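Trainee:
In the numbering used here, the protein residues as written are 340 to 531.
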């Protein structure tokens, strides 16, 4: 199945990805989106710590149907070792087509624990998490990120290069900073 995920980038058109969205990207919605043309879907983000604790509610977010493939499971957290353990578990127990790392969530309760876009305050941590996840799984790894934590740290190219250099094969950019949350104008020029 991993080859299917990688091959979508060899098409004559840009593949359509369903963005992972907490509280939205559940299996029925993902299946509906696949039926209506999404090439790739991604689970809503799942806590790496919850995965490692074996939390049953957390495990429910990891389940998917074969007709959702290619599918990625998105994980978030702030500790490279925990992220690696979660990626290894997801790979072994669920066999998605890729593992996606969330460096983009701006929600306060996630950021205050240094998860999601909270990681963007420490780009070495972003690299360390990415490298740990890449080393822990045989699957392709991608990452979703924002352009920076705030305007002072805005550097989407630098962030993207660090993620790429740590081994991720694809990057999704939300062209806002964490400080922007969901407001203001997205800087589409940062995407190209």
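Ideal Cβ positions, reconstructed from N, Cα and C, are used throughout, including at glycine. All values derive from a computational prediction rather than experimental measurement.
1) Answer yes or no: do residue 407 and residue 380 have a C-beta to C-beta separation smaller than 9 Å?
2) Looking at C-alpha atoms only, which residue of 469, 467, 415, 427 is the closest neighbour of residue 452?
3) Is the beta carbon of residue 456 sitting closer than 9 Å to the one on residue 444?
4) Run the proximity test for residue 438: is its beta-carbon closer than 8 Å to any non-hydrogen atom belonging to the ligand ADP?
5) So, under 8 Å CB-CB, residue 388 and residue 421 are touching, yes? Tell me the CB distance rounded to an integer number of Å.
6) Report the rounded CA-to-CA distance for residue 461 versus residue 488, giving the unit in angstroms.
7) Can you look up residue 497 in the DSSP assignment and give me helix, strand or coil?
8) Specify, as a first and last residue, the run of the alpha helix (DSSP H) that residue 464 falls within.
9) Over the uninterrupted beta strand (DSSP E) stretch that includes residue 439, give me the two end residues.
10) Measure the C-alpha to C-alpha separation of residue 520 and residue 498 and round it to an integer number of angstroms.
11) Taking only three categories from DSSP, how would you classify residue 479?
12) State yes or no: is the C-beta of residue 440 within less than 9 Å of the C-beta of residue 507?
Mentor: A quick look at the data gives this:
1) Indexing the chain shown from 1 puts residue 407 at position 68. Indexing the chain shown from 1 puts residue 380 at position 41. Taking 9 Å as the Cβ cut-off, residue 407 and residue 380 qualify as a contacting pair.
2) To locate residue 452, count along the chain shown from 1; it is residue 113. Selected option, being the one with the closest Cα: 415.
3) For the purposes of this step, residue 456 is taken as the residue at position 117 of the chain shown. For the purposes of this step, residue 444 is taken as the residue at position 105 of the chain shown. Contact flag set, yes.
4) In terms of ligand content, the structure shown is empty, and the ligand ADP therefore cannot be addressed.
5) Indexing the chain shown from 1 puts residue 388 at position 49. Indexing the chain shown from 1 puts residue 421 at position 82. With a Cβ gap of about 6 Å, residue 388 and residue 421 count as contacting.
6) For the purposes of this step, residue 461 is identified with residue 122 of the chain shown, where counting begins at 1. For the purposes of this step, residue 488 is identified with residue 149 of the chain shown, where counting begins at 1. Going by the C-alpha atoms only, they are around 9 Å apart.
7) As a first step, residue 497 is located in the chain shown; it is residue number 158 there, counting from the start. Three-state DSSP puts residue 497 in a helix.
8) Taking the chain shown and counting its residues from 1, one reaches residue 464 at position 125. Where residue 464 is concerned, the enclosing alpha helix (DSSP H) stretches over 462–475.
9) Taking the first residue of the chain shown as 1, we reach residue 439 at position 100. Residues 437–442.
10) Reading the chain shown from its first residue, position 181 is the one you call residue 520. Reading the chain shown from its first residue, position 159 is the one you call residue 498. Each residue's alpha carbon lies about 18 Å from the other.
11) Residue numbering aside, residue 479 sits at position 140 when the chain shown is read from its first letter. Reduced to three states, the DSSP call for residue 479 is coil.
12) Numbered from 1 along the chain shown, position 101 holds the residue referred to as residue 440. Numbered from 1 along the chain shown, position 168 holds the residue referred to as residue 507. Their beta carbons are under 9 Å apart, which means residue 440 touches residue 507 by this criterion.
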